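In our numbering, the protein residues as written are 39 to 484. Backbone N, C-alpha and C fix where the C-beta goes; we use that ideal spot for every residue, glycine too. These numbers come from a predicted model, not from an experiment.
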RNA sequence: GUGGUUGUAGCUCAGUUGGUUAGAGCGCUGGAUUGUGAUUCCAGAGGUCGCCGGUUCGAACCCGGUCUUCCACCCCA
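Next up, the structure:
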């Protein structure tokens, strides 16, 4: 049988894992610096926790876990015979893999609300699963790195999370554009256009502006049943790039004015940043639990031309997520880094630091059995002294062992033969330069 | 979920209208070199042509199904 792994999943080689860990470590470091605390939740949740939280599309993309035991025997035989998947599903599956880290977090907050101090700031770096059709930069299993705060509606957190996004990408050496918008501005836009109830349709359409252009958005709006007068109103917003210019257009909408006010306060608080931070009225973001400010981060193509990648981080404020789980209605705001896409971008731009790929310092090669026994002693002494060291486990031909050292990317090789055992002076070869010198144990450790 | 696309050696790929024994480069193994890798030279190993079925005297090649890859939708990190 030929081994394989499920569609949309991947194995990782050691150097790939190291580079992924480099990204996780940078993100985690900044999460800690900003006072976010680590929590963990199961990879499986009850399906009832997950369904209905991500919209119709999200439900379709949930991975369901089959019940154990005689799950078909317990299902309704008529519905089974009728092949009615929707009706049979809840009878044969009660659990599913998490789709993101935010909804499980909301569930967690409600379950542990008496043990948490609010505002509660937490982070999680963990895999999530989506049964999407895979493409490049789009997998069925991928990691999210989330920081969220619940229990406060202070706009200081919007500003803080923007800073956090900026710090992480600055630290990674990646120039990005952080785009901000507010769902209330989008609600105001829909209201002004006379389609208060069609906000989702309108935002989905204008979100595509940079992809399909103004004519494409107009067509999309028509197809979604928005009338010509409303389209004219909406078009006024499309070219607008500053808050000051969009404000007059939303004069007559209370919620719109509120959104403008919130975003203005956030911009006033952020302060100096490395990244470009811009208002973008066409930014929508899919997850429909967002209610206030929304974020999206993309690679700055002015600084890094030729990079084609969707958003590499995103987030937003949600006013009423915990309410669904019957808890106190706690407001929250959070961001999420897309580690896989960041990896692909750093790889393409060769922005990984050199030391993110190898951590072995010494590799010991022994020429005969007596030397091998000595080598085992020596490698132990090096390890106890805190050096990363490894030993080739047999006395083989030196050429063969040198080749292994090359493949292991060992920076230094220690060669041990009868001479070295006798004198305690070892031959140390620096692989990059080919230079060779003799050193005693104290020299190796020092 | 819809439409398309891809699959040949470990990797990247050739392979003529269907015709004998399916090739190359890189990598791998051994040797030139029994104490020196990444360079050079020589030799060698390695393939149920994704899988299942069909058409045919004969299939890597044609047809159907299936899995996988990538792309456009949908949606999204």
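Which residue from the options puts its Cα closest to that of residue i?
i, options, result
"residue 318", "231, 369 and 219", "219"
"residue 127", "102, 55 and 328", "102"
"residue 244", "255, 155 and 235", "255"
"residue 316", "278, 346, 267 and 431", "278"
"residue 451", "427, 460 and 461", "427"
"residue 274", "118, 288, 263 and 261", "288"
"residue 212", "366, 180 and 384", "384"
"residue 135", "87, 174 and 109", "87"
"residue 298", "310, 309 and 283", "283"
"residue 308", "193, 444, 46 and 117", "193"
"residue 388", "57, 48, 47 and 46", "57"
"residue 481", "235, 455, 175 and 425", "425"
Use the C-beta contact count for residue i: other C-beta atoms within 10 angstroms, 16 or more gives buried, fewer gives exposed.
i, result
"residue 412", "buried"
"residue 50", "exposed"
"residue 184", "buried"
"residue 198", "buried"
"residue 380", "buried"
"residue 121", "exposed"
"residue 420", "buried"
"residue 237", "buried"
"residue 441", "exposed"
"residue 471", "exposed"
"residue 52", "exposed"
"residue 110", "exposed"
"residue 350", "buried"
"residue 300", "buried"
"residue 240", "buried"
"residue 68", "buried"
"residue 443", "buried"
"residue 233", "buried"
Less than 8 Å between the C-beta atoms of residue i and residue j, yes or no?
i, j, result
"residue 463", "residue 453", "no"
"residue 259", "residue 272", "yes"
"residue 332", "residue 339", "no"
"residue 216", "residue 335", "yes"
"residue 417", "residue 429", "yes"
"residue 330", "residue 221", "yes"
"residue 390", "residue 206", "no"
"residue 229", "residue 293", "yes"
"residue 158", "residue 187", "yes"
"residue 131", "residue 106", "no"
"residue 448", "residue 401", "yes"
"residue 373", "residue 202", "yes"
"residue 137", "residue 96", "yes"
"residue 457", "residue 433", "no"
"residue 151", "residue 166", "no"
"residue 43", "residue 377", "no"
"residue 474", "residue 461", "no"
"residue 55", "residue 91", "no"
"residue 148", "residue 363", "yes"
"residue 242", "residue 119", "no"
"residue 209", "residue 64", "yes"
"residue 168", "residue 99", "yes"
"residue 48", "residue 82", "no"
Have a look at the DSSP bridge pairing and note the partners of residue i.
i, result
"residue 375", "183 and 351"
"residue 465", "453 and 476"
"residue 403", "453"
"residue 428", "401"
"residue 268", "None, per the DSSP bridge assignment."
"residue 370", "188 and 356"
"residue 167", "179"
"residue 158", "188"
"residue 217", "316 and 334"
"residue 84", "133"
Helix, strand or coil, according to DSSP, for residue i in the structure here?
i, result
"residue 254", "helix"
"residue 76", "strand"
"residue 317", "strand"
"residue 283", "helix"
"residue 236", "helix"
"residue 137", "coil"
"residue 336", "strand"
"residue 327", "coil"
"residue 101", "coil"
"residue 176", "strand"
"residue 51", "coil"
"residue 152", "helix"
"residue 92", "coil"
"residue 343", "coil"
"residue 114", "coil"
"residue 143", "helix"
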